[in-house]
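One structure is given below, encoded as structure tokens.
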Ligand SMILES: *Cc1c(COP(=O)(O)O)cnc(C)c1O
């Protein structure tokens, strides 16, 4: 007998511990490590690169024989745990990422214990998921008859929503005939639209050229006049416009399109109106942002994430489709082995697998349920509102410093700025280096984007751990790195 067969199950098979007491002790220690990790999330660098020797250790042959659990766990705590991306740290502001919570962590643990398969059938997890979806409809102002599904994230939400939109518009039943002979469908979004929308059109067989990227105004919001003109031009050229995608929170600047204006055009033109609300849709929970989202509650569909501004551990997002029957008929198919019955475990009404491409699905709903119940929408909304305020605080600090240039007024929670360089042509490289310096020294983790041809240091504040002092630390470090790099270049 090797060591693992002594530790787990014995030679008779089975993978459970032989000695539950000793496993329990190890498990409690692991839980302590997890709680320590979150309790001390502000300690240490935001990020540290994975050292070469650790990469080397993580490159191993396929394990044929098992090792002691304690040894596997030790390898994890030495070689993996210290090298997180840093998005639990108060000075992580890269891309748009949530910070996680201890509450969500426990929910993940419990859902793993239950090992629920949420594709369908009649069990507790599905009632939780249905409850969470009902709550989402209420948060977004959607009607009770809307359809909804928890998904991995807004990329999947966008794909599912645009699948329904395509199926409703392509003409003859596209589920049967495919796109053979279908109309030449076109969709519309601003030039700032997230790439996941473009990818969705590729996957749907419409191709990336099918998306018309409409110009934006000075605040990076879709130009409604240009949108109307493009739709008219496409109709004249024999295309069949089918959907318009509004962005509630663009990834570069957090701009929110005029959703009500888009809705009006969509209604007149009989287009599907989808909102990519990945992070900003949850602004519905806060008074500062809700007015900017006017029209969201009248969209045909919406995608948004819990793992961004609600800090549910990765991964969890949601898609809502106003017309639940359209949602169902885009995906439902029940071969005999998935037949629902009116009683027993195969009962329980609509199954999640009827509303998306996945059959086996984890119990994502539990961490959302825990989060909503433990904090409540008021508290979650206040946390979002705090980030909204911090963006204005940071922008104020930037504006009062002549060495820094604010590249756009923050509309939501994203601040784009840069260190001024005496030669504008050199500013892009300088600021790219500053961001990499901040990340490599572990002081802070903003990311970069390009606005109007200028490389920006981009600070996206979806972080419930950030305090005002953290932004002061950021700016001191930017100034220090900027000056040092300019001085050494001048030598
Ligand atoms: C993050 C994001 C997405 C993609 O969402 P995932 O959860 O990463 O799949 C789509 N749109 C916007 C605006 C985003 O910020």
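Numbering (the numbering used here), first residue to last: -7 to 483.
All C-beta atoms, glycine included, are put in the ideal place defined by N, C-alpha and C.
This one's a predicted model, so the numbers in the text were calculated from it and none came from an experiment.
Delimiting residues of the beta strand (DSSP E) encompassing residue i
i           : result
residue 397 : 396 to 400
residue 441 : 439 to 443
residue 264 : 264 to 268
residue 297 : 293 to 297
residue 435 : First-last for residue 435: undefined, no H or E at that position.
residue 203 : 203 to 206
residue 408 : 406 to 411
Cβ pair residue i, residue j closer than 8 Å
i           : j           : result
residue 263 : residue 233 : yes
residue 143 : residue 269 : no
residue 247 : residue 213 : yes
residue 42  : residue 436 : no
residue 240 : residue 218 : no
residue 174 : residue 163 : yes
residue 400 : residue 443 : yes
residue 312 : residue 140 : yes
residue 513 : residue 362 : With the chain covering only -7 through 483, there is no way to say anything about residue 513.
residue 291 : residue 266 : yes
residue 117 : residue 357 : yes
residue 136 : residue 314 : no
residue 150 : residue 441 : no
residue 203 : residue 189 : yes
residue 127 : residue 364 : yes
Coarse secondary structure for residue i, derived from DSSP in three states
i           : result
residue 94  : helix
residue 9   : strand
residue 427 : helix
residue 329 : helix
residue 476 : helix
residue 310 : strand
residue 153 : helix
residue 174 : coil
residue 446 : strand
residue 144 : coil
residue 451 : strand
residue 86  : coil
residue -7  : The pLDDT assigned to residue -7 is 44, lower than 50, so where the model puts this residue is not dependable, and the model offers no usable value.
residue 35  : coil
residue 183 : coil
residue 466 : helix
residue 271 : coil
residue 342 : coil
residue 168 : helix
residue 15  : helix
residue 236 : strand
residue 248 : strand
residue 223 : helix
residue 27  : helix
residue 195 : helix
Candidates the options: closest to residue i by CA position
i           : options               : result
residue 457 : 72, 91 and 62         : 91
residue 147 : 476, 46, 296 and 290  : 296
residue 370 : 386, 58, 302 and 432  : 302
residue 452 : 405, 284 and 395      : 405
residue 350 : 176, 111 and 40       : 111
residue 381 : 230, 448, 313 and 454 : 454
residue 360 : 93, 12 and 1          : 93
residue 36  : 312, 227 and 73       : 73
residue 78  : 152, 29 and 190       : 29
residue 410 : 396, 32, 328 and 10   : 396
residue 281 : 86, 203, 379 and 185  : 379
residue 431 : 166, 86 and 138       : 86
residue 108 : 353, 24 and 344       : 353
residue 11  : 60, 22 and 44         : 60
residue 470 : 424, 445, 459 and 441 : 424
residue 152 : 83, 70, 57 and 324    : 324
residue 171 : 197, 188, 189 and 160 : 197
residue 462 : 393, 421 and 385      : 385
residue 317 : 159, 46 and 68        : 159
residue 58  : 1, 407 and 257        : 1
Endpoints, the alpha helix (DSSP H) within which residue i is located
i           : result
residue 231 : Unbroken run through residue 231: none, as it is neither H nor E.
residue 319 : 316 to 323
residue 391 : 357 to 391
residue 61  : 61 to 71
residue 128 : 116 to 132
residue 304 : That residue, residue 304, is in no alpha helix (DSSP H); it is neither H nor E in DSSP.
residue 46  : 44 to 49
residue 254 : 251 to 261
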